[in-house]
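Peer 1:
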Amino acid sequence: MIRPRLSFLRASRLAAFAAATAGVLLAFAAPANAAVPTGRYVALGDSYTSGPLIPTQVDLNCLRSNRNYPSLVAAAAGSSAFADVSCSGATTEDILVGGSGALGISLPPQLSAITPDTTLVTVQIGGNDIGFSGIISDCAEASLSSPLGSPCKNRYTAGGVDQLQARIAATAPKVTAVLQAVRRAAPGARVVVLGYPAILPDSGYGCWPVVPIAYQDVPYLRGVQKSLNTMLANTAAANNASYADVYRPSVGHDTCKSSSTRWVEGLVPQNAAAPFHPNARGEQGMANALLANLSS
2 MIRPRLSFLR ASRLAAFAAA TAGVLLAFAA PANAAVPTGR YVALGDSYTS
52 GPLIPTQVDL NCLRSNRNYP SLVAAAAGSS AFADVSCSGA TTEDILVGGS
102 GALGISLPPQ LSAITPDTTL VTVQIGGNDI GFSGIISDCA EASLSSPLGS
152 PCKNRYTAGG VDQLQARIAA TAPKVTAVLQ AVRRAAPGAR VVVLGYPAIL
202 PDSGYGCWPV VPIAYQDVPY LRGVQKSLNT MLANTAAANN ASYADVYRPS
252 VGHDTCKSSS TRWVEGLVPQ NAAAPFHPNA RGEQGMANAL LANLSS
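Residue numbers for the sequence shown follow the numbering used here, beginning at 2 and rising by one.
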C-alpha cells in the first residue's frame with residue numbers, strides 16, 4: 002500500500018506557531034567496540050530508528066540520519082555489510098508489505114533488505130501501529146483546556162475500555178508476524194527488538210506547558226509507553242529474539258530535562274531532531290544499550 006505517514010508531522014502542526022526547529026550538532030563519539038556480530042547487519046524500524054532531522058540526513062524520503070543508532074552500532078561492530086532501511090512513519094506493514102516515505106516515493110518491504118547470510122537484524126516498531134503521532138497531538142491539544150486534569154485519559158478510556166491498551170494488544174500479533182518473517186529470511190541471524198526511550202518523566206506530573214501534556218495525563222501516558230515496551234519485550238521472548246531495553250537508561254533524559262541532558266525533544270526541539278523524537282544524544286544512548294545487549 003502506498004501511503005505517506007510521517008510520524009512526526011502531525012505533532013509538528015502543533016508547533017507551527019513556534020520557531021522552526023533549530024538544533025546544534027552534538028559532539029558525538031561512537032560507542033566503544035563490543036563483542037557483537039561483525040557480518041551483515043540490517044536495521045528495520047520507524048522514525049525512532051531513522052533519526053529525522055538529525056544531521057546528516059542521508060535519505061530525505063525516509064528522513065534517515067547517518068548518526069542514528071544503527072549507523073553507530075555498525076561502525077562500532079565493524080559490520081562487513083550494513084543496510085539501514087528504517088523509515089519515518091513506518092508501521093509493521095511497511096516492514097512486511099512496503100509503503101512510501103515523506104516524499105511519497107514508494108518503498109519495498111523493509112524485510113527485502115534481509116539476506117540469508119545476514120547475521121544481525123534489529124527491529125524497532127509498533128509506535129505508529131498504535132497511533133503515536135495522533136496520541137501526542139490529541140493529548141497536547143486537550144491539555145490546553147484542562148492542564149491540571151486528565152482530558153486525554155478521559156478520552157481514551159471513555160466507556161470503561163482503554164483504547165490505547167487495546168491498540169497495544171492488537172499490535173502484538175503484527176510484531177510477531179514481523180519477527181517470524183525475519184527469522185524465515187535469515188534463519189541464522191541474531192534478532193534484537195528495541196523498545197522506546199522515555200518521552201515523559203519516569204515519575205511525577207511532567208512540565209506543562211513546556212511539554213503540553215496535562216498533569217494527570219502524564220502518569221497515564223507513561224503507563225501506555227511502558228505497556229508498549231512490555232509487549233515488545235514479551236513478543237521478542239516468544240519469538241526467539243532478544244530485547245534491548247532503551248527505556249531504563251533513558252530515565253532522567255526525558256523531554257522535560259534541559260537541552261543538554263534530554264534524549265528526546267519536546268514540542269519545539271532545542272536540539273536537531275523532530276518534535277517528540279530522539280536527538281543525537283538519544284540515538285547514541287540507544288546505540289550503547291544495543292551494544293550492551295549484543296555483548297551480553
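Backbone N, C-alpha and C define an ideal beta-carbon position, used for all residues, glycine too.
#1: Cβ of R102 within 9 Å of Cβ of N155?
#2: So if DSSP puts G161 in a beta bridge, which residue, or which two residues, is it bridged to?
#3: My assumption, with CB atoms under 8 Å, is that A237 sits in contact with V194. Please give the rounded CB distance.
#4: Within the same chain, show all residues whose beta-carbon is closer than 6 Å to that of V183, passing over the 5 residues directly before and after it, in chain order.
#5: Sorted by chain position, which residues of the same chain lie with C-beta nearer than 6 Å to P71's C-beta, five sequence neighbours on each side aside?
#6: With a cut-off of 8 Å, do at least 3 Cβ pairs link the region 220-240 to the region 268-277?
#7: So L121 is in the beta strand (DSSP E); what residue range does that whole segment cover?
#8: What whole-angstrom Cβ distance do G128 and Y197 have, given they're in contact under 8 Å?
#9: Within a Cβ cutoff of 7 Å, which residues of the same chain sit near R179, ignoring the five residues on either side of it in sequence?
#10: In whole angstroms, give me the CA-to-CA distance for H254 and P279.
#11: Please list the segments of the alpha helix (DSSP H) lying wholly inside the region 189-243, counting only runs of 4 or more residues, in order along the chain.
#12: According to the neighbour-count rule (16 or more other Cβ atoms, all chains shown, within 10 Å of its Cβ), is G135 buried or exposed?
#13: Among T119, T172, A281, which residue has its Cα nearest to the Cα of P188?
#14: Considering only residues of the same chain and omitting the five flanking positions on each side of A91, which have a CB-CB separation below 6 Å?
#15: Would you report the Cα separation of P56 and Q271, rounded to the nearest angstrom?
#16: Applying the criterion that 16 or more other CB atoms from any shown protein chain within 10 Å of the CB defines a buried residue, is G207 buried or exposed?
#17: For the alpha helix (DSSP H) containing F83, list its first residue and its last residue.
#18: By DSSP, does D60 sit in helix, in strand, or in coil?
Peer 2: Straight from the coordinates:
#1: The sequence position of residue 102 within the sequence shown is 101, counting from 1. The sequence position of residue 155 within the sequence shown is 154, counting from 1. For clarity, residue 102 is Gly in the given sequence; the question names Arg instead. It is not a contact, given that the beta carbons lie outside the stated cut-off.
#2: As a first step, residue 161 must be located in the sequence shown, where it is residue number 160. According to the DSSP secondary-structure assignment, G161 is paired through a beta bridge with no residue.
#3: Taking the first residue of the sequence shown as 1, we reach residue 237 at position 236. Taking the first residue of the sequence shown as 1, we reach residue 194 at position 193. Yes, they are in contact, since the Cβ atoms of A237 and V194 sit about 4 Å apart, within 8 Å.
#4: Reading the sequence shown from its first residue, position 182 is the one you call residue 183. Taken in chain order, the residues that qualify are V122, V192.
#5: Taking the first residue of the sequence shown as position 1, residue 71 is located at position 70. A44, D85.
#6: The region 220-240, when compared against the region 268-277, does not touch it at the 8 Å Cβ threshold.
#7: For the purposes of this step, residue 121 is taken as residue 120 along the sequence shown, with counting starting at 1. Per DSSP, L121 belongs to the beta strand (DSSP E) from 119-125.
#8: In the sequence shown, residue 128 corresponds to position 127, counting from 1. In the sequence shown, residue 197 corresponds to position 196, counting from 1. Right, the Cβ-Cβ distance comes to about 6 Å (below 8 Å), so this counts as a contact.
#9: Stepping through the sequence shown from its first residue, residue 179 is reached at position 178. Sequence inspection shows Val at residue 179; the Arg mentioned does not correspond to that position. The beta carbon of V179 sits closer than 7 Å to those of T93, I96, L97, V124, I126, all from its chain and outside the five residues before and after it, given in chain order.
#10: Taking the first residue of the sequence shown as 1, we reach residue 254 at position 253. Taking the first residue of the sequence shown as 1, we reach residue 279 at position 278. Going by the C-alpha atoms only, they are around 10 Å apart.
#11: The DSSP assignment places complete alpha helix (DSSP H) segments of no fewer than 4 residues inside the region 189-243 at 218-239, in order along the chain.
#12: By 1-based counting over the sequence shown, the position of residue 135 is 134. Note on G135: under 16 other CB atoms within 10 angstroms of its CB, so exposed under the neighbour-count rule.
#13: Mapped onto the sequence shown, residue 188 falls at position 187. Of the listed residues, the one whose Cα sits closest to P188 is T119.
#14: Numbered from 1 along the sequence shown, position 90 holds the residue referred to as residue 91. Hits under 6 Å: D47.
#15: Taking the first residue of the sequence shown as position 1, residue 56 is located at position 55. Taking the first residue of the sequence shown as position 1, residue 271 is located at position 270. Using only the alpha carbons, I get a separation of about 14 Å.
#16: Start at 1 with the first residue of the sequence shown, and residue 207 comes out as number 206. With 16 or more other Cβ atoms within 10 Å, it is buried.
#17: Along the sequence shown, one-based indexing puts residue 83 at 82. Per DSSP, F83 lies in no alpha helix (DSSP H) segment; the continuous beta strand (DSSP E) that holds it begins and ends at 82-85.
#18: On the sequence shown, residue 60 is found 59 positions in, with the first residue counted as 1. Strand.
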